[in-house]
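Undergrad: Adding 65 to a residue's 1-based position in the sequence shown gives its number in the working numbering. The C-beta atom is built at its ideal place from N, Cα and C for all residues, glycine as well. Since this is a predicted model, take the numbers as computed values, not measurements.
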Amino acid sequence: EVITPCTHPGHSHPPDPAGYHSLQGLNQVLFALRAEFPGLVIESCAGGGRLMTYEMVRLTDTSITSDGGVLRDSLARRSALYGASYPFPLRYCDNYMEEPPTDLACHSSMIGGPWILMDRADRWTAEQTACAARNIRLYKRIRPLFHGGYVHYLRPPDGVHADALQVQHPGGKGALFLFQPPQARPAPVQIALRGLDPRQVYRLTSSRGNTAGRGDEVGRAAGAHWMESGLTRSLRPGESEIIEIEPLQP
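(1) Could you tell me which residues DSSP puts in a beta bridge with THR297?
(2) Quick check: the segment 247–261 against the segment 294–305, are at least 3 beta-carbon pairs closer than 8 Å?
(3) Expressed to the nearest angstrom, what Euclidean distance is found between the alpha-carbon atoms of VAL312 and GLN265?
(4) DSSP three-state label for GLU66, please.
(5) So ALA195 is in the alpha helix (DSSP H); what residue range does that whole segment cover?
(6) By how many angstroms is the C-alpha of GLU293 removed from the C-alpha of ALA141?
(7) Taking the alpha carbon of GLY224 as the reference point, which residue from LEU243, HIS234, PRO235 has its own alpha carbon closest?
(8) If contact is defined by three or more beta carbon pairs under 8 Å, each pair taking one atom from either stretch, is the segment 196–213 in contact with the segment 284–292?
(9) Return the chain-ordered list of same chain residues with a C-beta closer than 6 Å to the C-beta of LEU241, the five sequence neighbours on each side being excluded.
(10) With DSSP as the reference, label HIS234 as helix, strand or coil.
(11) Flag TYR215 as yes when its Cβ comes closer than 7 Å to any non-hydrogen atom of the ligand HEM, and as no otherwise.
(12) Going by DSSP, what residues sit across from TYR267 in a beta bridge?
(13) Could you tell me which of VAL106, SER139, ASP281 sits nearest to GLU304, measuring between CA atoms?
(14) Enumerated in chain order, which unbroken segments of the beta strand (DSSP E) with a length of 3 residues or greater are wholly contained in the segment 119–167?
(15) Check whether the Cβ atoms of GLY177 and CYS158 sit closer than 8 Å, and answer yes or no.
(16) What would DSSP say about ALA227, mapped onto helix, strand or coil?
(17) Please tell me whether ILE129 and SER109 are closer than 8 Å, where the distance is taken between their beta carbons.
(18) Quick one: residues in its chain with C-beta nearer than 6 Å to the C-beta of SER173, no 5 flanking neighbours on either side, listed in chain order?
(19) From what residue to what residue does the alpha helix (DSSP H) around HIS217 run?
(20) Assuming LEU169 and ASN160 make a contact with CB atoms under 8 Å, what is their CB distance in whole Å?
(21) I need the boundaries of the beta strand (DSSP E) containing ALA111, first residue and last residue.
(22) Alpha carbon to alpha carbon, what distance is there between MET121 and TYR85?
(23) Give the DSSP-derived three-state secondary structure of SER325 in the structure shown.
(24) Enumerate in chain order the residues of its own chain whose CB-to-CB distance from ILE181 is below 6 Å, with the five nearest sequence positions on each side excluded.
(25) Looking at the strands, I want to know which residues DSSP matches up with LEU182.
The structure is reproduced here in structure tokens:
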């Protein structure tokens with residue numbers, strides 16, 4: 066529900082340019098719904114994702130982080146997620162994707178959850194349908210990371226340079242998300258990972274390489290190596306990559 070500023074002349078609250086008092090009224094409705102239907106799954110869409118509050122965490126199960134034209138703008142969706150995931154868990158950062166599937170669009174939308182496809186699937190080409198299917202398989206594999214995983218902000222999305230974000234479970238699995246904006250100049254991207262066990266050996270596997278869901282192996286090394294020396298990836302403008310991080314048994 067889009068919450069708009071309340072301008073009712075008969076209300077006693079002060080002027081409400083941001084919709085705060087309107088949101089308080091919505092919260093009263095949500096409290097009543099929670100009491101009557103405790104198993105109801107509720108998504109917050111207050112103000113198109115602009116009115117995210119800590120009370121929202123008590124009353125809803127997830128929240129939209131953006132709306133409108135942003136749903137067709139991969140960079141804007143990543144920017145919204147980058148900010149919203151600082152105060153809120155990734156499970157409260159769902160993404161609507163209203164553009165035909167590409168790896169860049171899909172990778173930009175699957176961080177957090179849930180990932181909601183809003184585009185007209187009946188208008189997709191065979192190549193776009195295959196891209197969506199491939200990325201949905203990838204999303205289902207990495208989705209458990211978004212419950213309890215810690216977010217490391219490696220490079221902010223500015224639309225000019227490559228941006229990167231890592232989701233990592235302490236001592237466990239993780240994923241690195243890399244994006245090269247369409248306007249960026251082709252250049253190698255140097256990234257040092259975070260949150261790994263320095264003595265644990267990790268295998269890194271790229272989402273690129275084949276259409277079966279598992280891509281090429283990037284390498285195997287101790288966490289200390291990945292955090293100190295990092296890795297270098299080459300992405301063309303408009304390309305993206307997800308690298309899965311998996312600890313190996315001794």
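TA: Reading from the atomic positions:
(1) GLN255
(2) yes
(3) In the sequence as displayed, the identity of residue 312 is Pro instead of Val. Computed Cα separation, rounded: 7 Å.
(4) Its pLDDT being 48, under 50, GLU66 is placed unreliably in this model, and the value from its coordinates should be taken loosely. Note: GLU66 maps to coil in three-state DSSP.
(5) 191–207
(6) 31 Å
(7) LEU243
(8) no
(9) GLN231, ILE308
(10) coil
(11) Because no ligand of any kind appears in the structure shown, any question about the ligand HEM cannot be addressed here.
(12) ALA286, PRO312
(13) SER139
(14) 160–162
(15) yes
(16) coil
(17) yes
(18) SER139, ARG142, ARG143
(19) Here HIS217 belongs to no alpha helix (DSSP H); instead the beta strand (DSSP E) covers 215–220.
(20) Not a contact, Cβ separation roughly 13 Å.
(21) That residue, ALA111, is in no beta strand (DSSP E); it is neither H nor E in DSSP.
(22) 13 Å
(23) There is no way to answer for residue 325, as the model of the chain reaches only from 66 to 315.
(24) TYR161
(25) MET162
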